[in-house]
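Enquirer:
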Amino acid sequence: MGVSTQANGKQHDFITEDTLSERVRKAEYAVRGEIVARAGQLQKELQEGKKLPFESLVYCNIGNPQSLGQKPMTFLRQVLSLCDYPQLIEQPGIEKIFPADALSRAKEYLAACKSTGAYSESKGTALFRKEVSEAVERRDGHACNPDELFLTDGASAGVHLILRTIIRGEQDAVLTPIPQYPLYSATLALNGGTLVPYYLDEESGWQLSIDSLKKATDEARKDGKNVRALVVINPGNPCGQVLTRENQEEILQFCADEGVVLMADEVYQDNIYVQDKTWQSFKKVMRDTKTEIPLVSMHSVSKGFYGECGRRGAFMELVGLPQGVLGELGKLASISLCSNIAGQIATAIIMNPPKEGEPSHELWQQERKALLESLKKRSRMLAETLSKMEGVTINTPEGALYAMPRIRLPKKAVQEAEKISKAPDFFYCKSMLEETGIVTVPGSGFQQVKGTFHFRTTFLPQESEIGAVCERVSAFHKRFLEKYGPLEASD
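Following this line, the structure appears as structure tokens:
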């Protein structure tokens, strides 16, 4: 119940649901929506000793690797711990506990930022931006200006910053992939903009069709919308696809022809699991082809093989934007003062890991290889399980951290969902949660082609646990079809 007072014969409700910002009310984020809220209730019931069909919850709804047991990268945590508690550096015998390169890196970083408890420049500490810019140059083979880099509290903060700058009102629109990561729809709603959907082609492995982009753009403009930007997520979230170089070139040319800003969400760039595809940044392809467009690229410490989600570290590179626009973005960033320093340090480290010949290089490479090979193995185990389930089809993930299977549902299940005014795949995912404790996200939360049903799940449970998770999902699906089925050819 909200606070209310009565004065001078008038009743005053300070704030109610009815008086909230309509933009806030419209914003939705399915990854942490109603099913996750129900999972929280079930977790509480387990803690209170209530008997449920499962002994523990498995949160496969979000790419949060360390919450499911992934170990952090040793060097990264060593440097962070030294920066957080600098007195350690001066302790006798500390060189027997920490490698020399971790100690020297921590000293260098502390000299630049003074303390992890201090503010930095609004764009981020100059040294960290310099290290990121040099790493981007090594990655792409093209120059990177540190003044065009912003260090942000996760890539999400960069998305908020850009869309807040681009969107002037509901007439301004952003082309967004469907299925989409709901960060974009929610942020557009908060800023009063319009989402223009373009549909990824499930039949071709969730690839991006230029014809789909053109069709969506033309329809939006006929509707009076000003299409200002295109969002591309590569590797894909929620579908796990990796774009080809040819497709990237087509996308860049589309942006040049149509006059739209390209927002390249590249936070899964280290998560590639197929041999016939290599990831390349849009910045590299743009420079290689000498295409000139405004490009916003984002990378994060939350994904990859590091999985430092809680550190909230990321960078955003802004290429081809006028200096005046960069100045306005800098002003917006200054309103929040700066991103957190630990996240800035983590960002610098993932872009500038220990080099060959340094004490920590071999361990970093070993940990990196082991984590990526394990993620690939788990993705294959999950995809194989899903592909064997009746009425389920799956494009094996090429990258990222997710699988997005398509599910056919019996008419009776669809009718049960309609009775409670919920999407059929929501009903399926909620039933899975109630019976197995596995938390997933219904495809309706990402939007999808009308008449199709999906769910998104991560493959982040550890190797020792992913087999049991697969068995629970498979057994649940069989029971679900027995209860509501059978499937018919028309389902």
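The UniProt record's numbering applies: residue 1 is where the sequence shown begins, and numbers increase by one.
Note that the Cβ used here is the ideal one computed from N, Cα and C, for glycine as well.
If you're wondering where the values come from, they're calculated on a predicted model, not measured in any experiment.
1) Would you grab the beta carbon distance between LEU337 and SER122 for me? Rounded to a whole angstrom, and I think it's under 8 Å.
2) For my contact list, PRO177 and GLY399 are in at a C-beta cut-off of 8 Å; report their separation, rounded to the angstrom.
3) Tell me the rounded alpha-carbon separation between TYR402 and GLY169.
4) Report the rounded CA-to-CA distance for GLY141 versus LYS284, giving the unit in angstroms.
5) Please tell me whether CYS429 and PRO442 are closer than 8 Å, where the distance is taken between their beta carbons.
6) Please go through the region 206 to 258 and give each complete alpha helix (DSSP H) segment of 4 or more residues, from N-terminal end onward.
7) Sorted by chain position, which residues of the same chain lie with C-beta nearer than 7 Å to ALA220's C-beta, five sequence neighbours on each side aside?
8) With 16 other CB atoms within 10 Å as the buried threshold, where does THR187 fall?
9) Beta strand (DSSP E) containing PRO197: first to last residue?
10) Output yes or no for whether 8 Å exceeds the beta carbon distance between LEU110 and CYS144.
11) Are three or more beta carbon pairs between the region 282 to 296 and the region 41 to 59 nearer than 8 Å?
12) Determine, using beta carbons only, whether THR436 and VAL392 come nearer to each other than 8 Å.
13) Can you name, in chain order, every residue of its own chain whose Cβ lies under 6 Å from the Cβ of SER334, other than the five neighbours on each side?
14) I'd like the list of long-range same chain contacts for ILE394, defined as Cβ closer than 7 Å, with 5 residues on each side in sequence excluded.
15) When the Cα of PRO65 is compared with those of GLN366, ILE350 and GLY310, which residue comes out closest?
16) Within 10 angstroms of its Cβ, does SER360 collect 16 or more other Cβ (buried), or is it exposed?
17) Please go through the same chain and pick out, in chain order, the residues whose beta-carbon is closer than 7 Å to the beta-carbon of LEU332, but skip the five residues on each side of it.
18) Which same chain residues end up closer than 6 Å to ILE350 when comparing Cβ atoms and leaving out the 5 residues on each side of it in sequence?
19) For GLY399, which residues does DSSP report across the bridge?
20) Determine the extent of the alpha helix (DSSP H) in which ALA173 is found, giving its start and end residues.
21) What does DSSP give as the partner residue(s) for LEU295 in the beta ladder?
22) Which of helix, strand or coil does DSSP assign to ILE97?
23) Which residue from LEU375, SER374, GLY33 and PRO353 puts its Cα closest to that of GLN365?
24) Helix, strand or coil: how does DSSP classify PHE14 here?
25) Nearest CA to the CA of CYS113: which residue from PHE453, PRO92, ILE341 and GLU356?
Expert: Quick answer:
1) The residue labelled residue 337 in the question sits at position 337 within the sequence shown. The residue labelled residue 122 in the question sits at position 122 within the sequence shown. With a contact defined as Cβ atoms closer than 8 Å, LEU337 and SER122 qualify at about 7 Å.
2) Translated into the one-based positions of the sequence shown, residue 177 becomes position 177. Translated into the one-based positions of the sequence shown, residue 399 becomes position 399. Between PRO177 and GLY399 a beta carbon distance of about 15 Å is seen, past the 8 Å cut, so the two are scored as non-contacting.
3) If you number the sequence shown from 1, residue 402 lands on position 402. If you number the sequence shown from 1, residue 169 lands on position 169. Going from the Cα of TYR402 to the Cα of GLY169 covers about 33 Å.
4) Against the sequence shown, residue 141 aligns to sequence position 141. Against the sequence shown, residue 284 aligns to sequence position 284. The C-alpha of LYS284 is placed about 7 Å away from the C-alpha of GLY141.
5) Residue numbering aside, residue 429 sits at position 429 when the sequence shown is read from its first letter. Residue numbering aside, residue 442 sits at position 442 when the sequence shown is read from its first letter. Yes, these two residues count as a Cβ contact at 8 Å.
6) Here the runs fully enclosed are 210 to 222 and 245 to 258.
7) Sequence index remark: in the sequence shown, residue 220 carries index 220 (1-based). If you ignore the 5 residues before and after ALA220, its C-beta comes within less than 7 Å of the C-beta of ALA173, VAL196 and VAL227, all in its own chain and listed in chain order.
8) As a position in the sequence shown, residue 187 is number 187, starting the count at 1. Residue burial annotation: THR187 is buried, with at least 16 other C-beta atoms found within 10 angstroms of its C-beta.
9) The sequence position of residue 197 within the sequence shown is 197, counting from 1. It spans 194 to 199 - the beta strand (DSSP E) in which PRO197 sits, taken as one unbroken run.
10) As a first step, residue 110 must be located in the sequence shown, where it is residue number 110. As a first step, residue 144 must be located in the sequence shown, where it is residue number 144. Cβ distance not < 8 Å, so LEU110 and CYS144 don't count as in contact.
11) With a cut-off of 8 Å on Cβ pairs, the region 282 to 296 is not in contact with the region 41 to 59, counting fewer than three such pairs.
12) By one-based count along the sequence shown, residue 436 stands at place 436. By one-based count along the sequence shown, residue 392 stands at place 392. No, the pair does not count as a contact, with Cβ atoms beyond the cut-off.
13) Here residue 334 is taken as the residue at index 334 of the sequence shown, counted from 1. These residues qualify, in order along the chain: SER122.
14) Locating residue 394 in the sequence shown gives position 394, where the first residue counts as 1. The beta carbon of ILE394 lies closer than 7 Å to those of ALA383, LEU386, SER387, ALA403 and PRO405 in the same chain, with the five residues before and after it left out.
15) Taking the first residue of the sequence shown as 1, we reach residue 65 at position 65. With distances taken between Cα atoms, PRO65 lies closest to GLY310.
16) Taking the sequence shown and counting its residues from 1, the one referred to as residue 360 is at position 360. Burial call: buried.
17) Counting from one through the sequence shown, the residue named residue 332 turns up at place 332. Counting only residues of its own chain and dropping the five nearest sequence neighbours on each side, LEU332 has a CB closer than 7 Å to the CB of LEU161, ARG164 and THR165.
18) Stepping through the sequence shown from its first residue, residue 350 is reached at position 350. Within the same chain, ILE350 has close Cβ partners VAL301 and TYR306.
19) Reading the sequence shown from its first residue, position 399 is the one you call residue 399. Beta-bridge annotation (DSSP): GLY399 is paired with ILE272.
20) Numbered from 1 along the sequence shown, position 173 holds the residue referred to as residue 173. No alpha helix (DSSP H) contains ALA173, which is instead part of the beta strand (DSSP E) from 172 to 178.
21) Your numbering for residue 295 matches position 295 in the sequence shown. Answer is LEU262 and VAL319, bridged to LEU295.
22) Walking along the sequence shown from the start, residue 97 turns up at place 97. ILE97 falls in the coil class under three-state DSSP.
23) By 1-based counting over the sequence shown, the position of residue 365 is 365. It is PRO353.
24) Residue mapping note: residue 14 aligns to position 14 of the sequence shown, counting from 1. PHE14: coil per DSSP, three-state reduction.
25) For the purposes of this step, residue 113 is identified with residue 113 of the sequence shown, where counting begins at 1. Nearest C-alpha to CYS113: ILE341.
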